[in-house]
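S.K.: Mind looking over this structure? Questions follow.
There are 2 protein chains.
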Amino acid sequence: MLTLVSMLQRSELLYGSGIAVRDPGGNLTWRDYVDRSARAAGMLRGLGLRAGDRFAILARNSARYAELLHAAYWSGAVPVPINFRLAPAEISALMEDADCAVLAVEESFAGLLLQPPLDAWRPRAFSLGAASPSGLPCYDSLRDAAARLDPHDSAEEDDAILLYTGGTTGRGKGVRISHRNVMANALQLARTMSVTGGDRYLHVSPMFHSTDLKATAVSMLGGGHVYLPEFTPRAVLAAIQQYGITIGSLVPTMILRILQDASFGQFDLATLRLISYGSSPMPAERIRRTMQAFPGVGMQQVYGLTETSPVLAILDEDDHARALAGREDLLAAGGRTLPGLDVRIVDGGGEDVLPGQSGEIIVRGPQVTRGYHNRPAENAAVFRNGWFHTGDLGRLDDEGYLFVQDRKKDMVITGGENVYTSEVEAAICRHPAVLEAAVVGTPDERFGEALCAVIVPAPGTAPTPEDIIEHCRKHIGGYKIPRRIEFAKALPKSAMGKVLKETLRQRMRESPAVPE
Amino acid sequence: MLTLVSMLQRSELLYGSGIAVRDPGGNLTWRDYVDRSARAAGMLRGLGLRAGDRFAILARNSARYAELLHAAYWSGAVPVPINFRLAPAEISALMEDADCAVLAVEESFAGLLLQPPLDAWRPRAFSLGAASPSGLPCYDSLRDAAARLDPHDSAEEDDAILLYTGGTTGRGKGVRISHRNVMANALQLARTMSVTGGDRYLHVSPMFHSTDLKATAVSMLGGGHVYLPEFTPRAVLAAIQQYGITIGSLVPTMILRILQDASFGQFDLATLRLISYGSSPMPAERIRRTMQAFPGVGMQQVYGLTETSPVLAILDEDDHARALAGREDLLAAGGRTLPGLDVRIVDGGGEDVLPGQSGEIIVRGPQVTRGYHNRPAENAAVFRNGWFHTGDLGRLDDEGYLFVQDRKKDMVITGGENVYTSEVEAAICRHPAVLEAAVVGTPDERFGEALCAVIVPAPGTAPTPEDIIEHCRKHIGGYKIPRRIEFAKALPKSAMGKVLKETLRQRMRESPAVPE
Chain A
1 MLTLVSMLQR SELLYGSGIA VRDPGGNLTW RDYVDRSARA AGMLRGLGLR AGDRFAILAR
61 NSARYAELLH AAYWSGAVPV PINFRLAPAE ISALMEDADC AVLAVEESFA GLLLQPPLDA
121 WRPRAFSLGA ASPSGLPCYD SLRDAAARLD PHDSAEEDDA ILLYTGGTTG RGKGVRISHR
181 NVMANALQLA RTMSVTGGDR YLHVSPMFHS TDLKATAVSM LGGGHVYLPE FTPRAVLAAI
241 QQYGITIGSL VPTMILRILQ DASFGQFDLA TLRLISYGSS PMPAERIRRT MQAFPGVGMQ
301 QVYGLTETSP VLAILDEDDH ARALAGREDL LAAGGRTLPG LDVRIVDGGG EDVLPGQSGE
361 IIVRGPQVTR GYHNRPAENA AVFRNGWFHT GDLGRLDDEG YLFVQDRKKD MVITGGENVY
421 TSEVEAAICR HPAVLEAAVV GTPDERFGEA LCAVIVPAPG TAPTPEDIIE HCRKHIGGYK
481 IPRRIEFAKA LPKSAMGKVL KETLRQRMRE SPAVPE
Chain B
517 MLTLVSMLQR SELLYGSGIA VRDPGGNLTW RDYVDRSARA AGMLRGLGLR AGDRFAILAR
577 NSARYAELLH AAYWSGAVPV PINFRLAPAE ISALMEDADC AVLAVEESFA GLLLQPPLDA
637 WRPRAFSLGA ASPSGLPCYD SLRDAAARLD PHDSAEEDDA ILLYTGGTTG RGKGVRISHR
697 NVMANALQLA RTMSVTGGDR YLHVSPMFHS TDLKATAVSM LGGGHVYLPE FTPRAVLAAI
757 QQYGITIGSL VPTMILRILQ DASFGQFDLA TLRLISYGSS PMPAERIRRT MQAFPGVGMQ
817 QVYGLTETSP VLAILDEDDH ARALAGREDL LAAGGRTLPG LDVRIVDGGG EDVLPGQSGE
877 IIVRGPQVTR GYHNRPAENA AVFRNGWFHT GDLGRLDDEG YLFVQDRKKD MVITGGENVY
937 TSEVEAAICR HPAVLEAAVV GTPDERFGEA LCAVIVPAPG TAPTPEDIIE HCRKHIGGYK
997 IPRRIEFAKA LPKSAMGKVL KETLRQRMRE SPAVPE
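Protein sequence lines, in the order shown, are assigned to chains A and B.
Numbering follows this note's numbering, with no gaps: position 492 of the first sequence is 492.
Numbering follows this note's numbering, with no gaps: position 135 of the second sequence is 651.
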C-alpha cells in the first residue's frame, strides 16, 4: 500500500544491510534504522500517543528527528514539525491549534520551556538530545527502554504528517498530508529524479518544511540520508565530500553563498549528481555559473507547495540545457507537471482561460492534500469541484511549461493594469549591480497601488534609482517600472529563504517615500 | 489524477511533437495520436457507448487497436480485449459475460461473424481494418467522420479495462482493472524500468493480455510504440533495427526462438537496452546465452498477474548480475516487490508462515484489482481483509526475494509430501538434452498422486527416461523424481506461452502408463 508504514517494512526487508543514515555518531543500516524507529514507536505509545494523535517536534535537522518522524508513521501518530524560528507565543498557538499531546524538543531549545507560555508544555515534553542537561526525559533512554511496536496498519488516506504553512506571517494553517500524498509524490519523483539505492540525500533545508518530504523517494529505494543541523557553505561542501552526497536540495540563496564561499575549491564534490532547487527561480547567469562550478551535476528546479506534498512540477536537466542553448525564458518556468498531476489555469469565475493566458493555477492529483486541519472556511474556499486552488498566478504554454507568475495576493494592480511583481523583480535582477530585489504594491491615491522595489546591491557596487529605472526601460513596459526604489542590506526572509512581502509592504506603508 | 484520461491529456500537451506510434503506415505524433483517439472516442459515443459501457475488441496487435483502447479510456467506455485463439463459442460466452454492447473485429477475423454463434454480433460490429471487404462498417471512416469528444472525467477508481483471465481452460473471469491500477503500476515501473521519453516499446505479446499494460509507463513519459501483429523471430529483429526499439517485452520461448534463428546476426540491435521477460523463469544457461547474444542489454524478469495490472515484482539487472556471479538460485525468484506493493506468505488458515517458509502469496497495493466482474463468490474467496490471494505458492527470503514455487492447484501431494512441480521442472531442464519439461500429478492408488513428466528433447538429442531419472537423483530428493516420463515434440501452451497443465493432466489420465 502507499503508506509510509509499508515503505519502512519494505525498506527494512529489501535493503536491510544498506546504509540508511550517515552521521558523525555512526552509520545506521536500514535494518537498524527501522528497528530504532519501531522501538521509538513503542516509546510514543508508552507516552500515551494513539494512532491519529498529534505530537510536536521542535528541533533542527538531525538523524534523531528523522527517526522520530518515522516512529510516528510506524505507530500511526501524526508528527507536527515546528518552525523553530517562530516566537514562543506562535509555537504555543500552533501546538494548541494542532491539539498536540506531546512535544519533542531539541536540547538547545529546551530553555524555551522555562518561561510562559511554553512552560506549560514541560510535563509533556522530552528532549531529543542524547542527554538532557535541562532535566527533561531523554529520547535515547526512552527509546532504548521501549519494546518494538507492531506497525500500525495505516490506511492510505490517513494523515501521515501535519505541516504548518504561512507560519511566519498571519495565523499558520496545518496542512493534512496523507500517507498516499507522500508516497505518490515519492513515486513521481523517483523517476523524475532517477533515484537509485546508491543515492545519498543531504537534508540541509529545515525538516519542518515540506521540501524535506522529497527525500522519501530515496528512502523508498533504499538510499541513504545525511542531516545537517544548519546551513553554512562550508558545512554543505564538507558533507558532500565526507559522506559522498549525490543529491542536494537547496534554495537559490544557499547556492549563491556556496559559490561565493572562499572554501569552494577545497572540497572533492565528485559524487554529487543532482542539485534540486526551489522556492524561487534563479537568473540564467547564476544557473550558468552554478553549472560551471559543478560540472556534470544536473540541475532541477522544483515548483511545489506544502499542500502538494510538496512537488507539482519540475524543470529538469534537459529543460536547463535547452534554456542555456537559447531558451532562457524557460528558466522562469516552474517546470512541467509530474505524471498524475492535473493542472488548469482559471479566471476569477473559475472558467478556463484561453490557452497561454494567465490566471490562477488550480491542480488535482494524488499528492494534493485533502485540506487544512480544522479550517472549514479555508477548505471550502480553496477546494472547489475537486480542484485545489493554489493562490498562485501563472500560465501554461503550448509545450506544458507552467510559468508561475506571482502569488495571487502579490499581484499589483496599478493604473488599472495587472503587474506580476515577479516579472519586475526578474527584470531588475538582470542589472549587474543587483544581488536581489523584491517588489510590492502600496496604496496610492492616483494609481490605486504603486510599485515599490527594495534592492540589495551586489557587493562593491552602488547603483542609483536612476540606474535601475533606465535599465528597466529596456526590459519592461513603463507601467511596470517601480515608482519608488529603495536599497537595503538584506531582504526579510522566511526560514526557507522566501521574501516576506507582507513585512516589506508594512515597512513601506510606515515610512512613505518623499512625494514626487 | 491517476487516470488514463489525464495521462493522455498530459502527453498530448507535454510531448505533442514527439512520436507516439511508429508504423509502416506512417508515424503519429502524440498530438495526432491523442487527436485520433479523441475522435475515435466520439465515434464510440456515436455508436451508443456511454461511460461504463463495455465493448469487445477481437484483433491482433496493431496501432489501430491501441488507438481504440485509448479512445475507450478517453470516452469512459470499458474495452474488453479478447483472446483471438478462443473458439467462437468461448468468444461469444465471454462477450455475454462482459455484457458488451459493440464488437470491434480485425478484418481477418470478420469471417467468424458469418456463422453461429457470432453471427448475432454482426449488427453490433465494426471492422478494425482500413477497408472492410467483409462489408462491416469500417473504423477509419467512422473515426474520420466523428468529432473530437471532450474527455470523460473518469474517477481513479473507475474501471479502465476488463481483461479476461483463465480463458483457455474453464470459464474465464473478467478482471476489473481501474484507472488507478494501471497508472499506479506505470509509476512504479517508470522508475524500475528507467523509462524516458526516448524509449520505444515493442508490443509483440498479444495486446489482449495484461502484460501489454506495462507499456503505459512509456506513454506516460512520451515515448513511442511499435505494434507487431504476430511473433516471428525475424519480425522482432527487423522491428528492433527498423524502429530503433529500446524495450522489448518477451516470453522466454520467444527469446529462445530468436536466439536460435538463422537471421539473428543480420540485424543491427544497438538501440535495444532492456528485455523484460515474464510468464516463467529462464534457466541460468539461457540467461547467460541471451546476455551474450545481446551485449549491453539489461534483463528484467517480471512476476505479475492480470489481477495486479500486471506487475508485482521484478528481478532487475542488478539481480541478474548477482545471479550470474554465483547466486544462480536468484534466477528462480519472481523478483522483489515494487514500491507500494505489500506481500505476505500465509498458511491455509490465513496466518503468516515463519520467515522463509512456503505458503500462499497474498498481496495488496495500488495496482491490485478490486475484483472480478459479476463473480461475488470468487471475489469473496480471493479478497480477505483487504488482501488479494494470488493462488500462487511461494516463499520470501530474508532479502525480500519472492520465490514463486507453483500455482496452488499445480502443487502435487505424493506419498504425503508437498512437491512443487516447478522445482522438478527446473531440475529436469538442467539436463542438456532437455529443451522443455512439464510436470503434473495424476491420481495414484499408492501415493495419492504420482508425478508425471512430459519432456521435449533438445534438437538432435534422444534422452531416455533412465537418463532423466539418473540426472534428477543428483539434484532433487527421491520423492520428487517423476514416476512416469514421456517425451513429446511440443507442450500444449496458452497464447502467452504458459503450459496448459490441465490439458496434460487430462492426457495422462486418458492414456495411463504401463503399470510398473
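We put the beta carbon where it would ideally sit given N, CA and C, even for glycine.
How far does the alpha helix (DSSP H) with residue 82 of chain A in it extend, from its first residue to its last?
M.R.: Translated into positions along the first sequence, residue 82 of chain A becomes position 82. Looking at the DSSP string, residue 82 of chain A is not in any alpha helix (DSSP H), and its letter there is neither H nor E.
S.K.: With a threshold of 16 other CB atoms inside 10 Å of the CB of residue 686 of chain B, please say whether the residue is buried or exposed.
M.R.: By one-based count along the second sequence, residue 686 of chain B stands at place 170. Note that residue 686 of chain B scores 49 on pLDDT, short of 50, meaning its location in the model is unreliable; the coordinates nonetheless yield the value given after this. The residue in question, residue 686 of chain B, is exposed, as its Cβ has fewer than 16 Cβ neighbours within 10 Å.
S.K.: When you compare only the Cα positions, how much space is there between residue 553 of chain A and residue 697 of chain B?
M.R.: Since the first and last residues shown for chain A are 1 and 516, residue 553 of chain A lies out of range.
S.K.: With burial defined as no fewer than 16 other Cβ atoms inside 10 Å of the residue's Cβ, what is the status of residue 528 of chain B: buried or exposed?
M.R.: Looking up residue 528 of chain B in the second sequence gives position 12. It is buried - the Cβ of residue 528 of chain B has at least 16 other Cβ atoms within 10 Å.
S.K.: When the cut-off is 9 Å and only beta carbons count, does residue 168 of chain A lie next to chain B?
M.R.: Position 168 of the first sequence holds residue 168 of chain A. Its pLDDT being 42, under 50, residue 168 of chain A is placed unreliably in this model, and the value from its coordinates should be taken loosely. It does not; no Cβ of chain B falls within 9 Å.
S.K.: Would residue 670 of chain B count as contacting chain A if we go by Cβ distances under 9 Å?
M.R.: Looking up residue 670 of chain B in the second sequence gives position 154. No, because no Cβ of chain A sits closer than 9 Å to the Cβ of residue 670 of chain B.
S.K.: How would you label residue 599 of chain B, buried or exposed, when you count the other beta carbons within 10 angstroms and need 16 or more for buried?
M.R.: As a position in the second sequence, residue 599 of chain B is number 83, starting the count at 1. With 16 or more other Cβ atoms within 10 Å, it is buried.
S.K.: Of all Cβ atoms in chain B, is any one closer than 9 Å to the Cβ of residue 395 of chain A?
M.R.: The count along the first sequence starts at 1 and reaches residue 395 of chain A at position 395. So no, residue 395 of chain A is outside the interface.
S.K.: As a quick exercise: from A/341, A/296, A/343, pick the residue whose alpha carbon is nearest that of residue 321 of chain A.
M.R.: In the first sequence, the residue the question calls residue 321 of chain A occupies position 321. Nearest option by C-alpha distance: A/296.
S.K.: Residue 969 of chain B bridges to which residues according to DSSP?
M.R.: As a working mapping, residue 969 of chain B is identified with position 453 in the second sequence. For residue 969 of chain B, which the question treats as bridged, DSSP gives the partners B/955, B/1001.
S.K.: My assumption, with CB atoms under 8 Å, is that residue 451 of chain A sits in contact with residue 419 of chain A. Please give the rounded CB distance.
M.R.: Start at 1 with the first residue of the first sequence, and residue 451 of chain A comes out as number 451. Start at 1 with the first residue of the first sequence, and residue 419 of chain A comes out as number 419. So it is a contact: roughly 6 Å between Cβ atoms.
S.K.: Assuming residue 581 of chain B is part of the beta strand (DSSP E), what are its boundary residues?
M.R.: Taking the first residue of the second sequence as position 1, residue 581 of chain B is located at position 65. Taken as a continuous stretch (DSSP letters only), residue 581 of chain B belongs to no beta strand (DSSP E), being part of the alpha helix (DSSP H) at 579-591.
S.K.: Ignoring anything shorter than 4 residues or poking outside the stretch 261-323 of chain A, list the alpha helix (DSSP H) runs there in chain order.
M.R.: Counting whole runs of 4 or more residues, the stretch 261-323 of chain A contains the alpha helix (DSSP H) stretches 284-293.
S.K.: Does the contact criterion of 3 or more C-beta pairs under 8 Å hold for the stretch 442-462 of chain A versus the stretch 388-406 of chain A?
M.R.: Contact between the stretch 442-462 of chain A and the stretch 388-406 of chain A is absent, because fewer than three Cβ pairs lie under 8 Å.
S.K.: Is it buried or exposed for residue 414 of chain A, if we count other Cβ within 10 angstroms and need 16 for buried?
M.R.: Working through the first sequence from its first residue, we reach residue 414 of chain A at position 414. Counting Cβ neighbours within 10 Å, residue 414 of chain A comes out buried, since at least 16 surround it.
S.K.: Decide if residue 466 of chain A is buried, meaning its Cβ has at least 16 other Cβ atoms within 10 Å, or exposed.
M.R.: Position 466 of the first sequence holds residue 466 of chain A. Under this definition residue 466 of chain A is an exposed residue.
S.K.: From the beta carbon of residue 769 of chain B, is the nearest beta carbon of chain A less than 9 Å away?
M.R.: As a first step, residue 769 of chain B is located in the second sequence; it is residue number 253 there, counting from the start. Not an interface residue.
S.K.: Would you check if the distance between the CB atom of residue 247 of chain A and the CB atom of residue 218 of chain A is smaller than 9 Å?
M.R.: Start at 1 with the first residue of the first sequence, and residue 247 of chain A comes out as number 247. Start at 1 with the first residue of the first sequence, and residue 218 of chain A comes out as number 218. Closer than 9 Å, so yes.
S.K.: With a CB to CB cut of under 8 Å and the five nearest residues on each side skipped, what residues in its chain are close to residue 238 of chain A?
M.R.: For the purposes of this step, residue 238 of chain A is taken as residue 238 along the first sequence, with counting starting at 1. So the qualifying residues of the chain are 267.
S.K.: Is the CB-CB distance between residue 635 of chain B and residue 646 of chain B below 9 Å?
M.R.: Residue 635 of chain B sits at position 119 when you count from the first residue of the second sequence. Residue 646 of chain B sits at position 130 when you count from the first residue of the second sequence. Not a contact, by the Cβ cut-off of 9 Å.
S.K.: Under 8 Å, with one C-beta from each stretch per pair, do the stretch 333-344 of chain A and the stretch 224-244 of chain A reach the 3-pair mark?
M.R.: These segments do not touch.
S.K.: I need the straight-line Cα distance from residue 491 of chain A to residue 444 of chain A, nearest angstrom please.
M.R.: Along the first sequence, read from residue 1 onward, the residue named residue 491 of chain A stands at position 491. Along the first sequence, read from residue 1 onward, the residue named residue 444 of chain A stands at position 444. Between residue 491 of chain A and residue 444 of chain A, the C-alpha separation is close to 23 Å.
S.K.: CB-CB under 7 Å to residue 382 of chain A, same chain, minus the five flanking residues each way: which ones, in chain order?
M.R.: Along the first sequence, one-based indexing puts residue 382 of chain A at 382. Around residue 382 of chain A: 388, 389.
S.K.: Name, going along the chain, the residues of the stretch 875-896 of chain B whose beta-carbon falls closer than 7 Å to a beta-carbon of chain A.
M.R.: Listed in sequence order: 880, 881, 882.
S.K.: Under the three-state reduction of DSSP, which class applies to residue 982 of chain B: helix, strand or coil?
M.R.: As a working note, residue 982 of chain B is residue 466 in the second sequence. Residue 982 of chain B: helix per DSSP, three-state reduction.
S.K.: I need the DSSP call for residue 849 of chain B, collapsed to helix, strand or coil.
M.R.: Looking up residue 849 of chain B in the second sequence gives position 333. Residue state, collapsed to three classes: strand.
S.K.: Who are the near neighbours of residue 162 of chain A in its chain, counting only those whose CB is closer than 8 Å to its CB and skipping five residues on each side?
M.R.: For the purposes of this step, residue 162 of chain A is identified with residue 162 of the first sequence, where counting begins at 1. Only 54, 78, 79, 80, 98, 174, 175, 176, 177, 373 meet the Cβ criterion.
S.K.: Look at the alpha carbon of residue 942 of chain B and the alpha carbon of residue 817 of chain B, and state the distance between them as a whole number of angstroms.
M.R.: If you number the second sequence from 1, residue 942 of chain B lands on position 426. If you number the second sequence from 1, residue 817 of chain B lands on position 301. If you take the alpha carbons of residue 942 of chain B and residue 817 of chain B, they lie about 16 Å apart.
S.K.: Does the stretch 31-42 of chain A touch the stretch 1-18 of chain A, meaning 3 or more C-beta pairs lie closer than 8 Å?
M.R.: Enough Cβ pairs lie closer than 8 Å, so yes.
S.K.: When the Cα of residue 486 of chain A is compared with those of A/512, A/454, A/87, which residue comes out closest?
M.R.: Walking along the first sequence from the start, residue 486 of chain A turns up at place 486. Comparing Cα-Cα distances from residue 486 of chain A to each of A/512, A/454, A/87, the minimum goes to A/454.
S.K.: Going by DSSP in three states, residue 169 of chain A sits in which element: helix, strand or coil?
M.R.: Here residue 169 of chain A is taken as the residue at index 169 of the first sequence, counted from 1. Interpretation of residue 169 of chain A is limited by its pLDDT of 44, a score under 50 that renders its predicted location unreliable; no figure is taken from the coordinates.
S.K.: Between the C-alpha atoms of residue 639 of chain B and residue 536 of chain B, what's the straight-line distance to the nearest angstrom?
M.R.: Indexing the second sequence from 1 puts residue 639 of chain B at position 123. Indexing the second sequence from 1 puts residue 536 of chain B at position 20. Between residue 639 of chain B and residue 536 of chain B, the C-alpha separation is close to 33 Å.
S.K.: Can you find a C-beta in chain B that's less than 9 Å from the C-beta of residue 299 of chain A?
M.R.: Within the first sequence, the letter at position 299 stands for residue 299 of chain A. It does not; no Cβ of chain B falls within 9 Å.
S.K.: If you reduce the DSSP assignment to three classes, tell me which class residue 479 of chain A lands in.
M.R.: Indexing the first sequence from 1 puts residue 479 of chain A at position 479. Residue state, collapsed to three classes: helix.
S.K.: Whose C-beta lies closer than 6 Å to the C-beta of residue 579 of chain B among residues of the same chain, with five residues either side of it excluded?
M.R.: Within the second sequence, residue 579 of chain B is the residue found at index 63, counting from 1. Here the set comprises 537, 539, 743.
S.K.: Tell me which residues of the stretch 702-728 of chain B have at least one Cβ-Cβ distance to chain A shorter than 8 Å, keeping chain order.
M.R.: Listed by position along the chain: 702, 703, 704, 706, 707, 710, 711.
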